[in-house]
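Heads up: the sequence shown begins at 1 in the numbering used here, then just goes up one per residue.
First up is the structure itself, then whatever we jot down about it.
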Amino acid sequence: MAGPTASDVPPTMPVKIFSAGVAACVADVITFPLDTAKVRLQIQGECQTSRAIRYKGVLGTVTTLAKTEGPMKLYSGLPAGLQRQISFASLRIGLYDTVLEFFSTGKETTASLGSKIAAGLTTGGVAVFIGQPTEVVKVRLQAQSHLHGLKPRYTGTYNAYRIIATTEGLTGLWKGTTPNLTRNVIINCTELVTYDLMKEALVKKKLLADDLPCHFVSALIAGFCTTVLSSPVDVVKTRFVNSPPGQYTNVPNCAMTVLTKEGPLAFFKG
1 MAGPTASDVP PTMPVKIFSA GVAACVADVI TFPLDTAKVR LQIQGECQTS RAIRYKGVLG
61 TVTTLAKTEG PMKLYSGLPA GLQRQISFAS LRIGLYDTVL EFFSTGKETT ASLGSKIAAG
121 LTTGGVAVFI GQPTEVVKVR LQAQSHLHGL KPRYTGTYNA YRIIATTEGL TGLWKGTTPN
181 LTRNVIINCT ELVTYDLMKE ALVKKKLLAD DLPCHFVSAL IAGFCTTVLS SPVDVVKTRF
241 VNSPPGQYTN VPNCAMTVLT KEGPLAFFKG
């Protein structure tokens with residue numbers, strides 16, 4: 001009997017982690033201007049001065065940023081963003097199959113939805129905790145502006161790590177971990193549940209066969225629902241992570257401040 005070919009052998013965990021990290025970094029380079037625009041929109045409203053630039057829409061924000069602060073500003077914080085993908089996405093995606101096997105041990109059938117959610121939450125939680133310092137630095141670099149004579153808080157990625165650690169303590173690098181974990185829970189649960197339900201409904205009603213178009217439509221709907229549901233937590237996370245010491249006493253205080261000063265629609269900025 002012939003042995004398994006190279007294509008039949010599943011990739012090892014290190015290969016999965018490496019592949020996930022490289023893929024996430026490539027995607028981050030392509031989409032980083034949109035992420036920067038999202039951050040700018042999410043913090044808009046904190047600065048109420050008449051000189052503050054008002055951003056309108058994602059593409060409008062990208063255009064305004066490029067015109068007022070230069071095209072390279074769209075990539076401010078990219079090194080921290082790549083570090084985030086290496087520490088976060090590589091672990092969250094690369095460890096998923098291994099953790100899923102652990103939760104599915106002893107079951108003859110394919111992994112249940114509950115096992116998928118448990119595996120996603122476990123790997124996501126570990127990845128968030130490890131990668132939180134890179135998230136803090138990325139958001140702060142994306143948010144800072146040099147317009148109107150404002151002196152940037154940080155001159156670069158490693159300068160930001162150093163200043164945050166020396167002025168706010170090491171715990172400052174893990175600021176916003178709670179809302180980031182909450183966001184991860186919402187994203188993992190909503191994505192997996194919505195995707196499975198939509199795919200099942202489309203196939204059951206014979207609207208689409210269980211192939212690529214069906215998977216694409218299901219993923220598109222799942223992504224939309226996930227973005228809408230996670231947006232309020234994402235806005236609070238960005239505001240809290242970017243805030244200087246003392247601006248908000250805690251995460252609930254940050255959420256209540258946004259609600260009372262800017263109204264419920266502020267939770268869907270960006």
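For each residue, glycine too, the CB sits at the ideal point set by N, CA and C.
Here the structure is a predicted model, which is why all the values come from computation and not from measurement.
Quiz prompt | Which of helix, strand or coil DSSP assigns to Val-203 | solution = helix
Quiz item: Leaving out the 5 sequence neighbours to the left and right, which residues in its chain are closer than 7 Å to Val-139 when beta-carbon positions are compared?
Solution: Val-39, Thr-238, Val-241, Asn-242
Quiz item: Assuming Leu-74 and Ile-17 make a contact with CB atoms under 8 Å, what is their CB distance in whole Å?
Solution: Going by Cβ atoms, the distance from Leu-74 to Ile-17 rounds to 29 Å, so no, they are not a contact pair.
Self-check item: CB contact flag (Val-58, Ala-27, <7 Å)
Solution: It is not a contact, given that the beta carbons lie outside the stated cut-off.
Quiz item: Taking one C-beta from the region 212-225 and one from the region 251-265 each time, how about it: are there three or more such pairs within less than 8 Å?
Solution: no
Practice problem: Thinking Ile-117 and Asn-188 are a contact (beta carbons under 8 Å), I'd like their distance in whole angstroms, please. | Solution: 6 Å
Exercise. Just mark Glu-135 as buried or exposed, buried being the case when its beta carbon has 16 or more other beta carbons within 10 Å.
Key: Residue environment for Glu-135: buried (at least 16 other C-beta atoms within 10 angstroms of its C-beta).
Self-check item: Environment of Lys-151 [buried if 16+ CB atoms lie within 10 Å]
Solution: exposed
Quiz prompt | Rounded C-alpha distance that separates Phe-129 from Ala-80 | solution = 15 Å
Quiz item: Which word fits Leu-207, buried or exposed, when buried means at least 16 other C-beta atoms lie within 10 angstroms of its C-beta?
Solution: exposed
Quiz item: Quick one: is Arg-162 buried, meaning 16 or more other Cβ sit within 10 Å of its Cβ, or exposed?
Solution: exposed
Quiz item: Does DSSP put His-215 in a helix, a strand or coil?
Solution: helix
Quiz item: How is Arg-54 classed by DSSP in three states: helix, strand or coil?
Solution: coil
Practice problem: Evaluate contact between the region 168-185 and the region 121-128, counting only Cβ atoms and requiring at least three cross-stretch pairs below 8 Å. | Solution: yes
Exercise. Report the residue from Thr-177, Thr-226, Thr-257, Ser-231 whose alpha carbon sits nearest the alpha carbon of Gly-131.
Key: Thr-177
Quiz item: Looking only at its own chain, which residues have a Cβ that is under 8 Å from the Cβ of Thr-226, when we skip the five neighbours before and after it?
Solution: Ile-186, Ile-187, Thr-190, Glu-191, Thr-194
Self-check item: Backbone secondary structure at Ala-111 - three-state DSSP
Solution: coil
Quiz prompt | 7 Å Cβ cutoff met for Cys-254 and Val-236 | solution = In contact: Cys-254 and Val-236 (Cβ atoms closer than 7 Å).
Self-check item: Within 7 Å, strictly: CB atoms of Cys-25 and Gln-85
Solution: Yes. Within cutoff.
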